[in-house]
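Enquirer:
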Amino acid sequence: FTAIELLLVVVVIGVMAAAVMPRISRIVAEERIRKLQGAVAADLELAFALANREHKPVTVTYNTSTKVLSLTDRATSTALKTRYLGQSGSFSPTAVTFSPSGGITIFPMGLATAALTVTVTNGNYTRTITVTRAGLVTKS
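For the sequence shown, the residue numbers in our numbering are 35 to 174.
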């Protein structure tokens, strides 16, 4: 091969890579939020299971300053599970919102103090996790 042919091949590969990169970054952002949605949903299901298994109320809270989702024993304030939801974590969301913002308490009988909605966003991609008072966790 001549140098011109090799240069032409390198240029073609460069153009193709430049065309694909924006799509790959969008796919990565969507996949991260999808995985975060699954992880948060699993943590919320775990909170209901822990309350039932341990026969103790479990509090689910999200600290907006530290970006930590916490499952704690309501009586002792002992952390049963924590998950970092900040941008430097493996999921890298740009926004996380909890409604109600104060979190919920789940009682051993399987009822929570309120329904909970968690919204996670990465750029233009948003996913929602909802939990009914009875513990039904749905993702949309």
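Beta carbons: idealized from backbone N, C-alpha and C, even for Gly.
The structure displayed is predicted, hence computed values, not measured ones.
So T162 and A149 are in contact, right, with Cβ under 8 Å, and what is the actual spacing, rounded?
Expert: About 12 Å separates the Cβ atoms of T162 and A149, ruling out a contact at the 8 Å cut-off.
Enquirer: Hey, quick one: how far does the beta strand (DSSP E) through S104 stretch, first residue to last?
Expert: S104: member of the beta strand (DSSP E) spanning V102 to D107, first to last residue.
Enquirer: When you compare only the Cα positions, how much space is there between I47 and M55?
Expert: 12 Å
Enquirer: Give the single residue among M143, V152, G120 and S126 whose Cα lies nearest to the Cα of P134.
Expert: V152
Enquirer: Provide the residue span of the alpha helix (DSSP H) that contains L78, from first to last.
Expert: A37 to E88
Enquirer: Using a Cβ-Cβ cutoff of less than 6 Å, which residues in the same chain neighbour S174 once the five nearest sequence positions on both sides are dropped?
Expert: T162
Enquirer: Sorted by chain position, which residues of the same chain lie with C-beta nearer than 8 Å to G137's C-beta, five sequence neighbours on each side aside?
Expert: T93, V94, T95, Y96 and L150
Enquirer: Give the straight-line distance between the Cα atoms of R117 and T100, rounded to the nearest whole angstrom.
Expert: 11 Å
Enquirer: According to DSSP, simplified to helix, strand and coil, what is N158?
Expert: coil
Enquirer: Assuming A85 contacts P142 (C-beta within less than 8 Å), just tell me the rounded distance between them.
Expert: 5 Å
Enquirer: In whole angstroms, give me the CA-to-CA distance for G120 and M50.
Expert: 33 Å
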